[in-house]
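Novice:
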Amino acid sequence: MSELAIDRRWWKEAVVYQIYPRSFNDSDGDGVGDLRGITEKVDYLEELGIDAVWLTPVYASPGADNGYDVSDYREIDPELGTTADWEALRDALHDRDIGLIMDLVVNHTSDEHAWFERSRAGDPAYEDFYWWREGTDAEAVPWNGVDGEGPAGEAPPNGWRSIFRGPAWAYEEGREAWYLHLFDRKQPDLNWRNPQVREAVYEMMEWWFDRGTDGFRLDAIAHLGKVEGLPTDPEEPLNGTMAYTGNQPAVHEYLTEMRERVLSPGLLTVGEVGTPTVPIEDARTYLDSDRDGLSMLVHFEHMRLDHGERAWELRKWTLPELKTVVDRWAALASGGEWVAQYLSNHDQPRHVSRFGSESYRRASAKLLGTLLHTLPGTPFVYQGEELGLENYPWGSLEEFRDAATTNPIERAIEAGEIDSFEAIREGAAARSRDNARTPMRWNGSANAGFTEGEPWIAPHPEGEAIDVASARENPDSVWHYYRKLIALRSDEDLSDVIVYADYEQLTPEHGSLWAYTRTLGEECLLVALNFADEPTAVSLPAEAIDGSATLSLVLANYDPPAATTGVALRDDTLRPWEARIYRVDGE
């Protein structure tokens, strides 16, 4: 990408900080984080250097899926605060030039939303707001009797499986019909084929934009379209959900209409298109300014590398596999389209436990941060990531709060597929979304300074001082290193090459060394990372770096760092989980 071709956008140059409000900071001692608690920490966010905050849902919700089951899009969940609290947070962020991104959950609502209540009551204005179908013969779909639902001898309309396991259909006695729910049974899917549904969503989006929202992260957006006829998959009669509801052509029709109806170029729109894996050609359609016009995409491909077939099963991933995925999406960003880069979020375990090393926690956390902030795309930092937090040491099923963890395990125990939680504890503990939802660690006091009450979920009992107060006092902390990484995007000399440069992989097949360049015109950065608990000799292709070039160290995660100038990296060795960023200068 030449300098003349740079398409400058504020959200490309930004660092986005994701906040899970329930676990960030509790202002009133009820054990649940809230909007006032976030406002109390706005100076912390400014000190870290971030440019925008993404809030996971704060709308009114019964809480069946931690806020992703919305009962009223225009009201704030009373547990999290009030509309006035949201406005105070918006103003505090905007006063510091920090944008506010809301989570838009419109694939489904709560079953307690007024739309659904009127739909199941048969109100003509709302009867087609959701996917209602009659049941089918039990012999056609062989899971009659699941959860004891449905009239005798009747099975769900098709064999689609919920992403949370079990049938993707629930029976509603009042309407004598089944409704579709790709997620929890308390999250009925909206029928986007109905233009009245789309209009209601657009009006709600405009309502939030009018109140100062700077953008939306579009949750589960790839599921808006469903295949005509809602057929059972003949090859997988008790699945088929992804084949028939993920990334369907109708999604692009809806998003194009949304862009024309409510979106403007200055707003940030982040499309979550993780299920199933989205082909790059389709990704370009999501991002095409003349089609869907999304700002950037969130994909899940690298998040599935360690997944086995069951919710608690793990597979061993390799570094070349991770590189292959990252390289494919980095090429998209290098071509001008944009991606959200992330290694952890509210739906994933902690990245140090997953991709790093608990034996080298601090070094590997810094290395992973280096990767995140030097890849093409916009880095998304999840709360606590800047401290190097690890997974929680789960001991029993009762400790979990997340339905996506507990539901499959409870079903498997009931079906006799496993004897107990202990039989699969290691895998379930490693994969649970609750790892990311334990409270933010502000200091070393009781409950990590998160609350003066009883926390809704226990904080991580860190063995060493891993909290904001301790990190501030330690110049070698992960937190201070993250501040340096974030500052690179606004550095006068480095910002363009960090943000807009092309990406080239140098070590695609190496099992522990990851080296790549970022090049923009005459500017070039070289990044070298050692993903191992042992030293790794640097082995770069002879043509990778001009032999006459001088390497000047920009940033490294070891103290003391490597030699800072005149380095011949090709003859060097990286220490365990060492990360270096070099500026490459020609003759």
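The numbering used here applies: residue -1 is where the sequence shown begins, and numbers increase by one. For glycine and all other residues, C-beta sits at the position ideal for the given N, C-alpha and C. Since this is a predicted model, take the numbers as computed values, not measurements.
Return the CA-CA distance between GLY146 and LEU303, expressed in angstroms with no decimal places.
Specialist: Taking the sequence shown and counting its residues from 1, one reaches residue 146 at position 148. Taking the sequence shown and counting its residues from 1, one reaches residue 303 at position 305. Reliability of the predicted coordinates at GLY146 is poor, the pLDDT of 45 falling under 50, and no value is obtained from them.
Novice: With a cut-off of 8 Å, does the C-beta of GLU132 fall near any C-beta of chain D?
Specialist: Although the question refers to chain D, the structure presented lacks it and comprises just one protein chain.
Novice: Beta strand (DSSP E) containing ASP528: first to last residue?
Specialist: If you number the sequence shown from 1, residue 528 lands on position 530. Note on identity: in this sequence residue 528 is Asn, with Asp being the wrong assignment. 521 to 528 is the span of the beta strand (DSSP E), which, as asked, contains ASN528.
Novice: Residues bridged to ASP212 by DSSP?
Specialist: Translated into positions along the sequence shown, residue 212 becomes position 214. DSSP, once it has assigned bridges, lists no residue as partnering ASP212.
Novice: Does the stretch 352 to 367 come into contact with the stretch 411 to 425, if we say contact requires no fewer than three beta-carbon pairs (one atom in each stretch) closer than 8 Å?
Specialist: No: the two stretches stay apart, fewer than three of their Cβ pairs being nearer than 8 Å.
Novice: Let me check understanding here. Comparing Cα to Cα, which of SER351, GLU452, TYR390, ASN343 lies closest to TYR380?
Specialist: On the sequence shown, residue 380 is found 382 positions in, with the first residue counted as 1. Closest option to TYR380, Cα to Cα, is ASN343.
Novice: With H, G and I counted as helix, E and B as strand and the rest as coil, what does DSSP make of THR496?
Specialist: On the sequence shown, position 498 is the one that residue 496 refers to. Checking the sequence shown, residue 496 turns out to be Ile, not Thr. Note: ILE496 maps to helix in three-state DSSP.
Novice: Under the DSSP definition of a beta bridge, which residues are partnered with GLU38?
Specialist: Taking the sequence shown and counting its residues from 1, one reaches residue 38 at position 40. Answer is none; GLU38 lacks a bridge partner.
Novice: Taking the alpha carbon of THR267 as the point to measure from, which residue in GLY97, ALA542, ARG72 has its own alpha carbon closest?
Specialist: For the purposes of this step, residue 267 is taken as the residue at position 269 of the sequence shown. Minimum Cα distance to THR267 is reached at GLY97.
Novice: On the criterion of 16 or more Cβ atoms from any shown chain inside 10 Å, does HIS92 qualify as buried, or is it exposed?
Specialist: The residue given as residue 92 occupies position 94 in the sequence shown. Exposed is the call here.
Novice: Between SER475 and TYR580, what straight-line distance do the alpha-carbon atoms span, to the nearest angstrom?
Specialist: Numbered from 1 along the sequence shown, position 477 holds the residue referred to as residue 475. Numbered from 1 along the sequence shown, position 582 holds the residue referred to as residue 580. So the alpha carbons of these two residues sit roughly 21 Å apart.
Novice: Just how far apart, CA to CA, sit LEU572 and PHE353?
Specialist: The sequence position of residue 572 within the sequence shown is 574, counting from 1. The sequence position of residue 353 within the sequence shown is 355, counting from 1. About 18 Å.
Novice: Report the rounded CA-to-CA distance for TYR556 versus VAL30, giving the unit in angstroms.
Specialist: Numbered from 1 along the sequence shown, position 558 holds the residue referred to as residue 556. Numbered from 1 along the sequence shown, position 32 holds the residue referred to as residue 30. C-alpha separation (whole angstroms): 37 Å.
Novice: Going by C-alpha to C-alpha distance, which of PRO459, LEU486, MET438 sits closest to ARG20?
Specialist: Within the sequence shown, numbered from 1, the residue matching residue 20 stands at position 22. Residue MET438 is the option with its Cα nearest to ARG20.
Novice: By Cβ distance, which residues of its chain are closer than 7 Å to VAL144, with the 5 residues on each side in sequence left out?
Specialist: Locating residue 144 in the sequence shown gives position 146, counting from the first residue. With a pLDDT of 49 at VAL144, under the threshold of 50, the predicted position of this residue should be treated as unreliable, though the coordinate-derived value follows. Within the same chain, VAL144 has close Cβ partners GLY164, PRO165.
Novice: Please say whether CYS522 and VAL582 have beta carbons closer to each other than 8 Å?
Specialist: In the sequence shown, counting from the first residue as 1, residue 582 sits at position 584. In the sequence shown, counting from the first residue as 1, residue 522 sits at position 524. Closer than 8 Å, so yes.
Novice: For the stretch 94 to 108 against the stretch 41 to 58, are there 3 or more C-beta pairs whose distance is under 8 Å?
Specialist: Counting Cβ pairs under 8 Å, three or more are found: they touch.
Novice: Enumerate in chain order the residues of its own chain whose CB-to-CB distance from PRO459 is below 8 Å, with the five nearest sequence positions on each side excluded.
Specialist: Numbered from 1 along the sequence shown, position 461 holds the residue referred to as residue 459. Cβ neighbours of PRO459 beyond the five flanking positions: PRO391.
Novice: Return the chain-ordered list of same chain residues with a C-beta closer than 6 Å to the C-beta of LEU253, the five sequence neighbours on each side being excluded.
Specialist: Reading the sequence shown from its first residue, position 255 is the one you call residue 253. Within the same chain, LEU253 has close Cβ partners ASP290.
Novice: Of all the options ILE74, GLU170, GLU415, ILE161, which has the alpha carbon lying nearest to the alpha carbon of GLY272?
Specialist: By one-based count along the sequence shown, residue 272 stands at place 274. Of ILE74, GLU170, GLU415, ILE161, the residue nearest in Cα terms is ILE161.
Novice: Determine the direct distance from the alpha carbon of ASP83 to that of ASP5, and round the result to whole angstroms.
Specialist: Locating residue 5 in the sequence shown gives position 7, counting from the first residue. Locating residue 83 in the sequence shown gives position 85, counting from the first residue. Cα to Cα, ASP5 sits roughly 36 Å from ASP83.
Novice: For ALA168, name the three-state secondary structure that DSSP assigns.
Specialist: Position 170 of the sequence shown holds residue 168. DSSP places ALA168 in strand when its eight states are reduced to three.
Novice: Which one of ARG348, VAL296, PHE398 has the shortest CA to CA distance from VAL324?
Specialist: Here residue 324 is taken as the residue at index 326 of the sequence shown, counted from 1. Among ARG348, VAL296, PHE398, the Cα nearest to that of VAL324 is on VAL296.
Novice: What three-state label does DSSP hand TRP84 in the structure shown?
Specialist: What you label residue 84 is simply residue 86 of the sequence shown in a count that begins at 1. In this structure, TRP84 counts as helix in the three-state DSSP scheme.
Novice: By DSSP, does ALA535 sit in helix, in strand, or in coil?
Specialist: Residue mapping note: residue 535 aligns to position 537 of the sequence shown, counting from 1. Note: ALA535 maps to strand in three-state DSSP.
Novice: Taking the alpha carbon of ASN192 as the point to measure from, which residue in PHE127, ASN245, PRO229 has its own alpha carbon closest?
Specialist: As a first step, residue 192 must be located in the sequence shown, where it is residue number 194. Residue PHE127 is the option with its Cα nearest to ASN192.
Novice: Whose C-beta lies closer than 6 Å to the C-beta of LEU285 among residues of the same chain, with five residues either side of it excluded?
Specialist: As a working note, residue 285 is residue 287 in the sequence shown. Around LEU285: LEU292, GLU335.
Novice: Would you call the CB atoms of ASP101 and ARG215 closer than 8 Å?
Specialist: Looking up residue 101 in the sequence shown gives position 103. Looking up residue 215 in the sequence shown gives position 217. Yes, these two residues count as a Cβ contact at 8 Å.
Novice: Just tell me which of LEU551, GLU450, GLY148, LEU178 has its CA closest to the CA of HIS106.
Specialist: As a working mapping, residue 106 is identified with position 108 in the sequence shown. Ranking the options by Cα distance to HIS106, first place goes to LEU178.
Novice: Please report the distance separating the alpha-carbon of ASN445 from that of ALA540.
Specialist: For the purposes of this step, residue 445 is taken as residue 447 along the sequence shown, with counting starting at 1. For the purposes of this step, residue 540 is taken as residue 542 along the sequence shown, with counting starting at 1. Answer to the nearest angstrom: the Cα atoms are 53 Å apart.
Novice: Please work out which residues of its chain come closer than 8 Å, Cβ to Cβ, to LEU320, disregarding the five sequence neighbours upstream and downstream, and give them in chain order.
Specialist: Here residue 320 refers to the residue found at position 322 when the sequence shown is read from its first residue. For LEU320, where only same-chain residues beyond five positions count, the Cβ hits under 8 Å are HIS300, LEU303, PHE353.
Novice: Which runs of the beta strand (DSSP E) spanning at least 3 residues fall entirely within the stretch 310 to 393, listed in chain order?
Specialist: As far as the stretch 310 to 393 is concerned, its whole beta strand (DSSP E) runs of at least 3 residues are 376 to 380.
Novice: By the DSSP assignment, the beta strand (DSSP E) with TRP176 in it spans what residues?
Specialist: Here the question's residue 176 lines up with position 178 in the sequence shown. Counting along the chain, the beta strand (DSSP E) containing TRP176 begins and ends at 175 to 178.
Novice: How would you call ASP121, buried or exposed, if buried means at least 16 neighbouring beta carbons within 10 angstroms?
Specialist: Taking the first residue of the sequence shown as position 1, residue 121 is located at position 123. Flag for ASP121 reads exposed.
Novice: Starting from TYR556, trace the beta strand (DSSP E) in both directions and tell me its first and last residue.
Specialist: Taking the sequence shown and counting its residues from 1, one reaches residue 556 at position 558. Run containing TYR556: none; DSSP gives neither H nor E here.
Novice: Tell me the DSSP bridge mates of ILE17?
Specialist: As a first step, residue 17 must be located in the sequence shown, where it is residue number 19. Looking at the DSSP assignment, ILE17 forms a beta bridge with LEU53.
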